[in-house]
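One structure below.
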Amino acid sequence: MSDTTDTAPASRPAEEPVLIAENLIAGYVPDVNILNGCSLTLYDGELVGIIGPNGAGKSTLIKAMFGLVSISEGQVRLRGKDITNLEGHELVSLGVGYVPQVRNIFPSLTIEENLEMGLYLRPSRWKERYAFVADLFPLLKDRAKQRAGSLSGGERQMVAMGRALMMDPEVLFLDEPSAGLSPANQDEVFRRIAEINDAGISIVMVEQNARICLQISDRGYVLDQGRNAYTGTGEDLLNDPKVIELYLGTLAKAM
Ligand SMILES: Nc1ncnc2c1ncn2[C@@H]1O[C@H](COP(=O)(O)OP(=O)(O)OP(=O)(O)O)[C@@H](O)[C@H]1O
Ligand SMILES: [Mg+2]
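For what it's worth, numbering that gives the first Met the number 0 labels the leading residue of the sequence shown as 0, then goes sequentially.
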């Protein structure tokens with residue numbers, strides 16, 4: 000059953016969430032709220048998916064949690080610590096990584112230089128982090144000297160995720176990782192995301208590709224007009240007639 004409450008999954012009763020966003024009110028300009036009381040909980044090791052129509056506030060929620068959109072009410076906590084409105088570089092130092100929806104690589108730099116940029120706050124860890132990222136994405140090592148701008152969309156997405164992973168985040172925010180990719184590249188990116196999650200990194204992922212997103216997510220949130228519309232396990236949401244009617248079937252109907 001789906002609802003808008005944020006209770007712990009039955010299998011993880013007393014666990015402290017790694018990240019909590021509570022009743023966020025946020026927007027880009029004063030007095031125009033885009034988030035109207037959004038909440039989200041991420042438990043250790045989870046992959047949480049956010050879906051919803053265009054303009055629902057999905058990217059805004061991620062940006063608000065990453066200090067890029069000002070939160071006027073509500074709170075974000077990372078392992079109990081208040082991180083509301085901290086800046087991106089502070090959040091990165093605290094173990095939060097973010098891969099934006101657009102412009103998420105430096106096209107004129109090589110793959111290796113892109114990864115170096117990801118580690119500018121802690122360059123001494125280069126060897127160890129590069130080994131970790133190259134293990135996940137061998138392509139990034141094999142083609143280290145190639146300019147990132149010359150890569151395909153799927154390969155650029157690997158660079159963007161690799162760069163965010165250089166700082167050894169415990170939480171990763173991904174905004175539309177499959178956007179603009181061919182179906183084969185989308186499958187590959189989703190496989191990589193599952194691998195990153197298997198490596199112990201808790202993930203919040205926004206996706207336009209709602210069905211695949213819910214299939215690989217432990218839990219999902221449907222946002223609509225800056226509010227939580229439905230919350231549940233990925234499977235619950237995929238099978239919820241209301242969610243199917245309102246959010247999963249809409250694309251087919253609109254065509
Ligand atoms: N930089 C901005 N300045 C002002 N308003 C913005 C800005 N970015 C987004 N908005 C507005 O905020 C609302 C939510 O946008 P947001 O990008 O969060 O939606 P989304 O759910 O991510 O949509 P999409 O599926 O298209 O990516 C929209 O009405 C949008 O016009
Ligand atoms: Mg968006």
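Heads up, the beta-carbon is just placed ideally off N, CA and C, and yes, glycines get one too.
> So what's A228 in DSSP terms, helix, strand or just coil?
Replying inline: Counting from one through the sequence shown, the residue named residue 228 turns up at place 229. Three-state result, A228: strand.
> For the candidate residues R218, G225, A209, whose alpha-carbon lies nearest to that of E244?
Replying inline: As a first step, residue 244 must be located in the sequence shown, where it is residue number 245. A check of alpha carbon separations from E244 across R218, G225, A209 identifies A209 as the nearest.
> How big is the Cα-Cα spacing for A20 and G161?
Replying inline: Within the sequence shown, the letter at position 21 stands for residue 20. Within the sequence shown, the letter at position 162 stands for residue 161. Per the coordinates, the alpha-carbon of A20 lies some 25 Å from the alpha-carbon of G161.
>> Following a CB-centred definition, is I33 positioned closer than 6 Å to any heavy atom of ligand 1?
In response: Residue mapping note: residue 33 aligns to position 34 of the sequence shown, counting from 1. Distances taken from the Cβ of I33 to the heavy atoms of ligand 1 include one shorter than 6 Å.
>> Relative to the C-alpha of G79, which candidate in E89, P16, R128, T109 has its C-alpha closest?
In response: Stepping through the sequence shown from its first residue, residue 79 is reached at position 80. Nearest of E89, P16, R128, T109 to G79, Cα basis: P16.
> Taking the continuous beta strand (DSSP E) assigned at V205, which residues delimit it?
Replying inline: Looking up residue 205 in the sequence shown gives position 206. First-last of the beta strand (DSSP E) with V205: 201-205.
>> Tell me which residue opens and which closes the beta strand (DSSP E) that T40 is part of.
In response: Translated into the one-based positions of the sequence shown, residue 40 becomes position 41. Taken as a continuous stretch (DSSP letters only), the beta strand (DSSP E) holding T40 covers 34-41.
> Nearest to I215 by alpha carbon, out of L222, R226, I202?
Replying inline: Within the sequence shown, residue 215 is the residue found at index 216, counting from 1. For I215, the nearest C-alpha among the options comes from I202.
> Since V170 sits in a beta bridge, which residues does DSSP pair it with?
Replying inline: One-based indexing of the sequence shown puts residue 170 at position 171. V170 pairs with V95, S201.
>> Counting C-beta neighbours from all protein chains within 10 Å, is the total for P182 16 or more, i.e. buried, or is it exposed?
In response: Position 183 of the sequence shown, counting from 1, holds the residue named residue 182. That one is exposed.
> ligand 2: which residues have Cβ under 7 Å from any of its heavy atoms, chain order?
Replying inline: Every residue with a CB closer than 7 Å to a heavy atom of ligand 2 is listed here in chain order: K57, S58, Q100, D174, E175, V205.
> Hey, G66 and L90: beta-carbon distance below 7 Å or not?
Replying inline: Here residue 66 refers to the residue found at position 67 of the sequence shown. Here residue 90 refers to the residue found at position 91 of the sequence shown. For G66 and L90, yes; Cβs fall inside 7 Å.
> What residue does the alpha helix (DSSP H) around Y246 start on, and which one ends it?
Replying inline: Position 247 of the sequence shown holds residue 246. Careful: Y246 lies outside any alpha helix (DSSP H) and carries neither H nor E.
> Where do the ends of the beta strand (DSSP E) carrying D223 lie?
Replying inline: On the sequence shown, position 224 is the one that residue 223 refers to. If you look at D223, you'll find it in the beta strand (DSSP E) that goes 218-223.
> Would DSSP call V75 helix, strand or coil?
Replying inline: In the sequence shown, the residue the question calls residue 75 occupies position 76. Note: V75 maps to strand in three-state DSSP.
> Since A143 contacts I110 with CB under 8 Å, what's their CB separation in whole angstroms?
Replying inline: Locating residue 143 in the sequence shown gives position 144, counting from the first residue. Locating residue 110 in the sequence shown gives position 111, counting from the first residue. A143 to I110, Cβ: 5 Å. Contact.
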